[in-house]
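Student: Numbering (the numbering used here), first residue to last: 45 to 246. Ideal placement from N, C-alpha and C gives every residue a C-beta, glycine not left out. A quick note: this is a predicted structure, and the numbers were derived from the prediction, not measured.
What follows is the structure, given as structure tokens:
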């Protein structure tokens, strides 16, 4: 019965992709079709169930000097805009792996996820990366993960292949900087200065 329901949902999703009106469908509608029995306390962090507030971000974005630097005039800042989301909904089903391959072959690239992310999971990202056709794909696919830690505290795991740095941040959900601000800052500084995580000796 569950298998039959799953097949029906897959068929419905396929029809939506091929013939449907995706612009009128919300992300949550599509998510519920793909994962009908999948329930989370929070899509942001499935371990804590916490969804971060954005009050401080809104205050920051409404400051005069920020608005002036961004040239937004009197347009109101919105954390989430459903109209904009609807405009891009059809892009959910468009692969950009060929464009990612160009970036991986020519530039420093950092891709990070939180290991508690229920929306864009680390295994999902890994599956996409392992099938991205770039010059060092085979090397990346067999490269071991290194443990990112500091004094018995696990901060995550990372892999460096060529100029590509892949990081999974421990204890973080969809909003990695919110859940692990110190690890995020360290990761970004290390990426800019060294190309990937630089493990500190104990």
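Considering only residues of the same chain and omitting the five flanking positions on each side of residue 147, which have a CB-CB separation below 7 Å?
Tutor: The answer, listed in chain order, is 153.
Student: Would you identify the three-state DSSP class for residue 121, choosing helix, strand or coil?
Tutor: Three-state DSSP puts residue 121 in coil, outside helix and strand.
Student: Who are the Cβ neighbours of residue 203 in its own chain at under 6 Å, not counting the five residues just before and after it?
Tutor: The residues are 187, 189 and 210.
Student: Going by the CB atoms, is the gap between residue 149 and residue 89 shorter than 9 Å?
Tutor: Not a contact, by the Cβ cut-off of 9 Å.
Student: Please give the ranges of any alpha helix (DSSP H) in the region 170-204, keeping only runs that are unbroken, at least 4 residues long and fully inside the region.
Tutor: The qualifying runs are 181-186.
Student: Could you give the first and the last residue of the continuous alpha helix (DSSP H) run that contains residue 155?
Tutor: Element bounds for residue 155: not the alpha helix (DSSP H) but the beta strand (DSSP E), 153-158.
Student: Taking the beta carbon of residue 234 as the centre, do at least 16 other beta carbons fall within 10 Å, making it buried, or is it exposed?
Tutor: When all chains shown are included, residue 234 counts as buried.
Student: Kindly list the residues whose CB is nearer than 6 Å to the CB of residue 145, restricted to its own chain and excluding five residues on each side of it in sequence; keep chain order.
Tutor: Excluding positions up to five away in sequence, the list reads 176, 177 and 178.
Student: Alpha carbon to alpha carbon, how far is residue 221 from residue 229? Give it in angstroms, no decimals.
Tutor: One C-alpha to the other measures close to 8 Å.
Student: Helix, strand or coil for residue 146 per DSSP?
Tutor: The answer is helix: DSSP assigns residue 146 an H, G or I state.
Student: Grab me the residues of residue 207's own chain with a C-beta within less than 6 Å of its C-beta, minus the 5 sequence neighbours each way, in chain order.
Tutor: Cβ within range, chain order: 152.
Student: On the CB-based measure, 16 or more other CB atoms within 10 Å of its CB, does residue 164 come out buried or exposed?
Tutor: When all chains shown are included, residue 164 counts as exposed.
Student: Assuming residue 219 contacts residue 96 (C-beta within less than 8 Å), just tell me the rounded distance between them.
Tutor: Yes, they are in contact, since the Cβ atoms of residue 219 and residue 96 sit about 5 Å apart, within 8 Å.
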